[in-house]
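Report on one structure; see the data block that follows.
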Amino acid sequence: MGNGTGNDILVLLLLCVGGSIVLAALGIWLHRQRKLTSRGAALVWAIVTVLPLFGAGFLMMSKHVVEQATGETQSGVNEEPATR
Numbered sequence: 001m002g003n004g005t006g007n008d009i010l011v012l013l014l015l016c017v018g019g020s021i022v023l024a025a026l027g028i029w030l031h032r033q034r035k036l037t038s039r040g041a042a043l044v045w046a047i048v049t050v051l052p053l054f055g056a057g058f059l060m061m062s063k064h065v066v067e068q069a070t071g072e073t074q075s076g077v078n079e080e081p082a083t084r
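Number 65 in the UniProt record's numbering belongs to position 65 of the sequence shown; there are no gaps in the numbering.
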């Protein structure tokens with residue numbers, strides 16, 4: 001990451017990870033309260049729990065592809081050369 005790059009996508013990623021953790025904790029609490037007892041409901045809840053992670057990955061990849069297409073990011077280059 002070069003100077004001046006924003007961390008908007010990183011913030012979004014952390015929010016999605018936090019959302020998945022909250023959904024997992026809620027699922028555990030619902031299971032202990034005997035409100036999430038069937039296998040089908042537990043499977044659906046597990047899928048819903050990981051969906052934010054896939055969404056964050058999709059957004060990160062689409063942003064990266066757009067940056068490559070516009071020439072903002074070059075393949076194989078980590079940082080711009082330092083100019084003095």
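Ideal Cβ placement from N, Cα and C applies to all residues, glycine included.
Could you spell out where the alpha helix (DSSP H) holding residue i opens and where it closes?
i	result
Q68	R39 to T70
R32	D8 to R32
Considering only the alpha carbon of each residue, which of the options lies closest to residue i?
i	options	result
residue 86	E67, A56, A41 and V66	The question about residue 86 has no answer here: the residues shown for the chain are numbered 1 through 84.
N7	A69, K63, Q74 and G76	K63
A25	G71, A46, T37 and M61	A46
L15	L59, T70 and Q68	L59
L13	N78, M61, V65 and S75	M61
L43	G27, R34, R32 and Q68	G27
Practice task
Please determine if the segment 17-24 and the segment 37-53 are in contact, where contact requires at least 3 C-beta pairs separated by less than 8 Å.
Solution key: yes
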